[in-house]
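So for the sequence shown, our numbering puts the first residue at 18; every next one is plus one. From the three backbone atoms N, C-alpha and C, an ideal C-beta is built for every residue, glycine too. All remarks here apply to the structure that follows.
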Amino acid sequence: MSGPRCRVPAAIAAAMPVGTVRQLEVPGCGALALYRLADGFYATDDRCTHGEASLADGDVDGDEIVCPFHLGRFDIRTGNATAAPCVTALTCHRIVADADGALIVEVATSR
Ligand code: FES
């Protein structure tokens with residue numbers, strides 16, 4: 018089951034190079050992190066589960082996001098923590114493509 022939806026215009030999505038992340042503010046839901054990997058777009062909560070860091074300020078390394086504060090890591094596709102000090106998974110959010118190329122991020126209700 019999904020909650021609020023956030024629409025990312027096609028031009029913004031297209032301007033993201035592969036291997037990058039940007040912050041996405043969803044009114045009423047706080048910040049998400051939107052990633053572009055070689056096979057498409059992914060979204061997770063923006064806040065690291067270890068502290069107050071914004072993962073959008075971190076670096077994408079392969080399929081992982083590296084937290085800028087203590088260099089913990091998460092698998093972008095699953096949200097699973099993959100390197101200490103992170104142990105708690107990120108919440109992932111489903112993305113579907115709109116007819117005009119925009120991305121619709123369905124914010125998970127279990128955040
Ligand atoms: S705040 Fe992200 S690893 Fe510590």
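- Within 10 angstroms of the beta-carbon of Leu41 lie 16 or more other beta-carbons, which makes it buried.
- Note that the C-beta distance between Thr61 and Ala50 is below 8 Å.
- Ranked by Cα distance from Ala32, the first of Ala48, Phe58 and Gly20 is Phe58.
- A heavy atom of the ligand FES is found nearer than 7 Å to the CB of Ala70.
- Sorting Pro102, His67, Gly89 and Thr95 by C-alpha distance to the C-alpha of Arg111 places Thr95 at the top.
- Ala119 and Val113 have their C-alpha atoms some 9 Å from each other.
- Following the DSSP letters along the chain, one finds Ile29 in no beta strand (DSSP E) but inside the alpha helix (DSSP H) bounded by residues Ala27 to Ala31.
- In the DSSP secondary-structure assignment, Ile112 is bridged to Val122.
- In this structure, DSSP gives Ala73 a helical state, which the three-state scheme calls helix.
- In this structure, the alpha-carbon of Val25 lies about 32 Å from that of Pro102.
- In terms of side-chain proximity, the C-beta atom of Cys103 is found nearer than 7 Å to a non-hydrogen atom of the ligand FES.
- The beta carbon of Glu81 sits closer than 7 Å to the beta carbons of Arg90, Phe91, Asp92, Ile93 and Thr99 from its chain, once the five residues preceding and following it are set aside; these are given in chain order.
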